[in-house]
Amino acid sequence: MDSFINPYYIDIIVFLFIYIILGLGLNLITGYAGQVSLGHAAFYGIGAYTSAILTVKFGVNTWLAIFLAIVITFILSAILGLPSLRVSEDFLAITTLGLGLIIQSIFKNAEITGGAYGLDMIPAPSLFGLEIIDLSYLGLVLVMLLLAIFIMKRMTQSRIGRAWMTIHEDETVAQSMGINTTYYKVLAFAIGGAFAGAAGALFAHKVSYISADSFGFTLSATILSMVVLGGLGKIRGTILGVSLLYLLPELFRVFDIQLFDMKYLDLYKMMLYGMIMVLVMRYRPKGIFGNTSLKKRKKNRSSAKKKELRDGEIIA
Amino acid sequence: MRSLLKIEGITKIFGGLTAVNDVSLTANQGEIIGLIGPNGAGKTTFFNILTGIYKPNAGRILFEDQLISGMKPFQIANQGFSRTFQNIRLLKEKSVLENVQVGMFRKTKAGLWASILALSSVKKEEQETIRKSLEILSLVGLDGMDEEISGSLSYGNQRRVEIARALVSEPKLLLLDEPTAGMNAEEVEEMSALIRKINANGTTVILIEHNVAMVVDLCDRLAVLDHGVKIADANPDEVIANPAVIEAYIGKDQVEEVSSFVEN
Amino acid sequence: MLAQQLLNGVALGFTYVLIAIGLTMIYGVLKLLHFAHGVIYAVGVFAAMIGILYLNMNFIVACLFAMIIAAICGVAVERFAYRPLRNVHPITTLISGVGIAIFLESLFQVVFSSDPRAFPDTGMKVSVWKISESISITNVKLTIIVVGLVALVLLYAFLRWTKMGIAIQATAQDMRAASLMGVNVNRVVAITFMIGSAFAAIAGVLVAYDINSIYPTMGSVPGLKAFCVVVLGGLGSIPGTIIGGLILGIVESLSEGYLNGMIIDKDAIAFVILIIILLVKPSGLFGRKVEKV
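Shown next, in the form of structure tokens:
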């Protein structure tokens, strides 16, 4: 069956799904818990390197390695999230960005990560003696994605989700309601990091070669802009936002559209991502997919009154 | 009467400014205490010290004979404190029900794994949270408004949502920061009735108010803060007759107004 | 050797000070982290390059030209990416700032190509001053130190003795009160962005001249390090920023001389310092201790 479908298309979908998992993790941290992270790619990298090192250097079973990669990123994200919690949200951005740079530079310089060269010959997982590649790998990634969406849904609709929502909106209120804000922030970092770790491990076993360059600030910013476009604090928003922004540039490649110099495609992509972040924040801070259902619109009918109240509050 | 809350000589200094100066106050089980005083007298600061948002520079606070000053705000809340805020602090874009559900946080236990797996205990807890929230909404007079977006409600109803959020966890002590600010006479009357109803269920209430007529009518006891110092603490009639209080805060015209109100 | 490294560190430190001053002032006035500041630094460098190559400016005129262009760009960024978002959740402004930085940096790479190029010929010769047997300094590094000192003195005089300077300080203390007292806050913000951007531009030009290399992304790392300097010195404190910048310059310079084969890059040191500071003394070396509410 593999031969019927262009493997290039399969790859695009596999990477899209991996990006969505990565985006969901970031959305949990930034969208739900309200903690800006500009170092998300580092956790993606930790997941990728952990799984790669375990399989390549220690001969650990691939499945076990992926599992351990998730556990280890969970723990490391919690630890690395700790210093970040001492600062307010704007400085959190710099701290996470700094953490990202430090971690990337460790990938680049440490011996166990293969230094500047990176790691290759990362094995694909196998099941009942069959190597999982191409279409079956798509199946694996799809299962992981569905699992990720399921977990996100359950968490965000629980009391824990309400705790994050409250912390995001007003930390003083959260504390007054008996919510241990530090614990729940660290928890958001840890789980969001674990999502990134899972995505990273899936990425490593797909591409079989990784180097530090894949886990830099560019990726963190890309994912953030995708999540922002779809709407912070919305699962569906992340899925749509990542899909839209990830597939759009790919279309130019797939259909070989020569609108502009393809040499600069990546740069045009970044320009687009950057501009999206600015314009979405200015005109649709809830994302382009936010608040479109009829039910919600009905509730917003008194928005003029709401605005009046809000203005009144600023004066008062 | 059993004392619930014992505040012993708390002081709070910001920069060189003493916002609260050596204030002591005892709240007995089941009382309604009014905290009055001119703007900037340190009333809200006092609440913020009680709830752990500020650490006092001196003094200590005992709740049910247990030392709570020095605890983190969430720990104090977990002792059975609930509060509302002077400038209504709701999650404005969320529904009324969601806001009240947040208040149930400390009464629920579901952990991460239980929530992901949606164990039957978690489902039961969620149902209980919703049932309880709706019940409280009906108590505060917001029947059938649970799906409204809280930011779109009238000012008075937003206050009610905040009170419902504070009440849903069945606090032992309820702190209300200017519950009637910005309300008309009729709404004030309704709020008074609501606070009585809450108190009748056994909740001790401390409220900050500017509406002297209302607190005189409602409270068992009044404490007056002026420039961070407690200048009076007695039953309402005694307090409004106290010359120091009149001078510091009320003004003679208003006293007459109040006494005529009380007589009626 | 040590003295030589210290001297180099001071010169490097002054470039960080010049970049970070803008960030500190902008943070002071708007409580905003200006993520596009590094791009403004690069704008200055490219403006100087264009001035020298195509407009036949001499080095000093090109520096002034760079400062003016950077100031205009800085104000434009504020107008476009920050002003519409004043008084909303800080996350919104932050993401907008990151977005505009990414956009401009990518645009620069498209326009000027990512490849580094040499600093255009200015007709000035790089010369080495020998201070003692083992200590020497290039005239470029010396220029950096002198320009840094002059800029700081001018800034001090401006903030201390001009009406606008005092208005900036008042706005930093309490924007609402300042605006009630008749300070035109938008003007204060614009002037703050102008000064900060001009300082970043001059730093950029001097660094580009010193390392003899120009490339579109050259501002991103210094821009981010400047944040570390701001945190190190205590938020919004100008003296703190000056000392913070010098400390970072010296530490980086020493690490180059003494610590080879480190597990992290030299550029990551600033962030390690940042994280240590946040853990040990989040208010920075010179920040007032404020109660977090």
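Those protein sequence lines, which keep their order, are chains Z, V and Y. Residue numbers are given in the numbering used here: position 281 of the first sequence equals residue 281, and the series is strictly consecutive. Residue numbers are given in the numbering used here: position 31 of the second sequence equals residue 347, and the series is strictly consecutive. Residue numbers are given in the numbering used here: position 242 of the third sequence equals residue 822, and the series is strictly consecutive. Even glycine gets a Cβ: it sits at the ideal position worked out from N, Cα and C.
The three-state secondary structure of Ile377(V), taken from DSSP, is strand. For the segment 86-100 of chain Z, residues whose beta-carbon sits nearer than 8 Å to a beta-carbon of chain Y comprise Arg86, Val87, Ser88, Glu89, Asp90, Phe91, Ala93, Ile94, Thr95, Leu97, Gly98, Leu99. Ile106(Z) reaches chain Y at Ile843, Ile844, counting residues in chain order whose Cβ is nearer than 7 Å. As computed with DSSP, Ala548(V) is found in a beta bridge with Val540(V). For Asp266(Z), there is no enclosing beta strand (DSSP E); the residue is found in the alpha helix (DSSP H) stretching over 265-283. Secondary structure within the segment 89-157 of chain Z: the alpha helix (DSSP H) runs of 4 or more consecutive residues, fully enclosed, are 89-109, 134-156 (chain order).
Phe15(Z) sits in a helix when the DSSP states are folded into three classes. For the segment 421-435 of chain V, the beta-carbon criterion of a distance under 7 Å to any beta-carbon of chain Z is satisfied by Phe421, Arg422, Thr424, Ala426, Leu428, Ser431, Ile432, Ala434.
At a cut-off of 8 Å, the C-beta of Ile75(Z) has no neighbouring C-beta in chain Y. Using a C-beta cut-off of 8 Å, the segment 433-442 of chain V makes no contact with the segment 498-515 of chain V, since fewer than three inter-stretch Cβ pairs fall below that distance.
Note that the C-beta distance between Gly161(Z) and Tyr32(Z) is below 8 Å. For chain Z, the residues of the segment 608-629 of chain Y that bring a beta carbon within less than 9 Å of one of its beta carbons are Lys611, Leu612, Leu613, Phe615, in chain order.
Burial check for Phe645(Y): the Cβ neighbour count within 10 Å reaches 16 or more, so the residue is buried. Taking a beta-carbon distance threshold of 8 Å, Ser176(Z) does not count as an interface residue toward chain Y. Listed in chain order, the non-local C-beta contacts of Tyr209(Z) below 6 Å within the same chain comprise Asp120, local neighbours out to five positions each way being set aside. Under the 8 Å Cβ criterion, the segment 372-392 of chain V does not count as touching the segment 513-526 of chain V, having fewer than three qualifying pairs.
Secondary structure at Leu858(Y): helix, using DSSP grouped into helix, strand and coil. Spatial neighbours of Ala681(Y) in its own chain (CB-CB distance under 6 Å, excluding positions within 5 residues in sequence) are listed in chain order as Phe615, Ala616, Val619. Contact between Lys153(Z) and Gly231(Z) fails: their C-beta atoms lie close to 15 Å from each other, not under 8 Å. Residues of the segment 196-221 of chain Z whose Cβ lies closer than 7 Å to any Cβ of chain V: none.
According to DSSP, residue pairing for Ala343(V) in a beta bridge involves Leu321(V).
Contact check for Ile606(Y) against Phe773(Y) passes: the beta carbons are separated by less than 8 Å. In this structure, Val484(V) places its C-beta atom within 8 Å of the C-beta atom of Met420(V). DSSP places Asp493(V) inside the beta strand (DSSP E), whose first and last residues are 489-493.
Per DSSP, Leu351(V) lies in no alpha helix (DSSP H); the unbroken beta strand (DSSP E) holding it starts and ends at 348-352. When Cβ pairs closer than 8 Å are counted between the two stretches, the segment 484-499 of chain V is seen to touch the segment 466-475 of chain V, the count reaching three or more. Here Trp709(Y) is bridged, per DSSP, to Ile717(Y). Taking C-beta separations shorter than 8 Å and ignoring five residues to either side along the sequence, the partners of Leu68(Z) in its chain run Thr50, Ser51, Leu54, Val60, following chain order. Interface annotation, Val242(Z): not in contact with chain Y, CB-CB separation never under 8 Å. Taken in chain order, the unbroken stretches of beta strand (DSSP E) that lie wholly in the segment 709-786 of chain Y and span 3 residues or more are 716-718.
An exposed status is given to Gly762(Y), since fewer than 16 other beta-carbon atoms sit within 10 Å of its beta-carbon. As the crow flies, the alpha-carbon of Ile191(Z) is around 10 Å from that of Met155(Z).
For the C-beta of Thr672(Y), the chain Z residues within less than 8 Å are, from N- to C-terminus, Met281, Pro285.
The segment 322-340 of chain V makes contact with the segment 538-546 of chain V; the number of CB pairs closer than 8 Å reaches 3 or more. Pairing Gly589(Y) with Ser835(Y), the inter-Cα distance amounts to about 10 Å.
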